[in-house]
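Residue numbers for the sequence shown follow UniProt numbering, so the first one is 1 and each next one is one higher. The beta-carbon is built from N, C-alpha and C at its ideal position, and this holds for glycine as well.
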Amino acid sequence: MAQTLVIIPTYNERDNLGPIVGRVRASVPDADVLVVDDSSPDGTGALADGLAASDAAVHVLHRTSKDGLGAAYLEAFSWALSRGYDRLVQLDADGSHLPEQLPALLDAADSADVVMGSRWIPGGEVKNWPWHRRVLSRGGSIYSRLLLRLQERDVTGGYRVYTANALERMRLSSVESLGYCFQIDMLLHAVRAGLRVVEVPITFVERTRGSSKMSGGIVIEAMARVTIWGLTGKGARRVRALEPAAASDRV
């Protein structure tokens, strides 16, 4: 059986961490959990240590600086690959990614290299977002897809499963973006490596506790980077022949 690690990056998520780890453990009991804490001043790291002390399947990686979501994930990937995990899951701590939908993503990973939880394919949805957040997120995906010649619909989504083999083929040392654009950068690397990428519909739920780390400035910076990538030819260059695809796989 493939050994799965669910990676949960945290920064000031004390109110959310316990419930989300509990839901992950209930939804995929055979999976391990790695909490990656960026020295949260609210005590999230200490709480994570307590969870690990009471559950051998929970692990904690303490980072000394807050230098972007991508940096946290890249360090977690290295940690996991060195310990022989087969499938690595990205999951937000704030409850926006439903752990109860993780079994469906893992099932898809049996025949894919990268599985993306998608809000923007049939069956996907977003709950409790105002209209401007929907426009911003969907518009950012459409803009990035067109400029970078990507076929996947939800290119900014962060609920994903990577196989270990996929990450080893993706040349992670060349990932440039460590912030909001990290998810787009990772998708570009997967496409260039000729990996099979599929999208599975998910329900994305806006957080009810704590504050979002997202800001307008972060999004503008990400779109500026995408524009530079598009104008300098960093768009998708698929090395595999495109095969007939299921509706959930492609546009």
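So the candidates are the options; which of them puts its Cα closest to the Cα of residue i?
i	options	result
Val155	Pro99, His189 and His132	His189
Ser54	Gly43, Pro41, Arg25 and Ser82	Arg25
Ser141	Leu69, Arg192, Arg153 and Trp131	Arg153
Phe182	Val58, Ala56, Glu168 and Glu221	Glu221
Ala48	Gly70, Thr64 and Asn16	Asn16
Glu13	Asp30, Ala31 and Ser39	Ser39
Ser65	Glu100, Ala56 and Pro41	Pro41
Gln151	Leu136, Ser173, Gln101 and Ile184	Ile184
Ser174	Ser82, Arg83 and Lys234	Lys234
Can you list, in chain order, the residues of its chain whose CB lies under 6 Å from that of residue i, leaving out five sequence neighbours each side?
i	result
Leu195	Asp113, Val114 and Ala166
Gly230	Leu147 and Leu148
Tyr162	Leu88 and Val114
Ala108	Val115, Val198 and Val200
Gly68	Leu178 and Gly179
Ser111	none
Gly50	none
Leu187	Val155
Ala31	Thr4 and Val6
Arg83	none
Arg63	Asp38
Trp131	none
Gly45	Asp37 and His62
Our contact map puts residue i next to residue j with C-beta atoms below 8 Å; I'd like the distance itself, whole angstroms only.
i	j	result
Leu105	Gly117	6 Å
Val33	Ile8	6 Å
Val89	Leu178	Not really, about 19 Å apart at Cβ, beyond 8 Å.
Leu98	Thr203	6 Å
Arg138	Trp120	6 Å
Tyr143	Met223	7 Å
Ala193	Arg225	With 8 Å as the limit, Ala193 and Arg225 do not qualify as a contact, their Cβ atoms being about 20 Å apart.
List the residues that DSSP assigns as beta-bridge partners of residue i.
i	result
His62	Asp37
Glu125	Thr203
Gly117	Val200
residue 332	It is not possible to answer for residue 332, since the shown part of the chain is limited to 1 through 251.
His97	Phe204
Arg160	Gln90 and Met116
Thr4	Arg87
What does a CB cutoff of less than 8 Å around residue i pick up in its chain, not counting 5 residues either side in sequence?
i	result
Leu61	Leu34, Val35, Val36, Asp37, Glu75, Ala76 and Trp79
Ala52	Val35, Val58, His59 and Val60
Arg171	His189 and Ala193
Enumerate in chain order the residues of its own chain whose CB-to-CB distance from residue i is below 7 Å, with the five nearest sequence positions on each side excluded.
i	result
Glu243	Because the pLDDT at Glu243 is just 38, under 50, the model does not fix this residue reliably, and the value given afterwards should be weighed accordingly. Taken in chain order, the list of residues that qualify is empty.
Asn128	Val205 and Glu206
residue 265	Outside the displayed range of the chain (1 to 251) lies residue 265, so it cannot be described from this structure.
Pro103	Ser27 and Val28
Gly43	Arg14
Cβ pair count under 8 Å reaching 3, the region 6 to 20 against the region 89 to 108: yes
Answer yes if the region 141 to 157 comes into contact with the region 67 to 75, meaning at least three C-beta pairs across the two stretches below 8 Å, and no otherwise. no
Should the region 169 to 178 be regarded as contacting the region 116 to 136, the criterion being three or more beta carbon pairs within less than 8 Å? no
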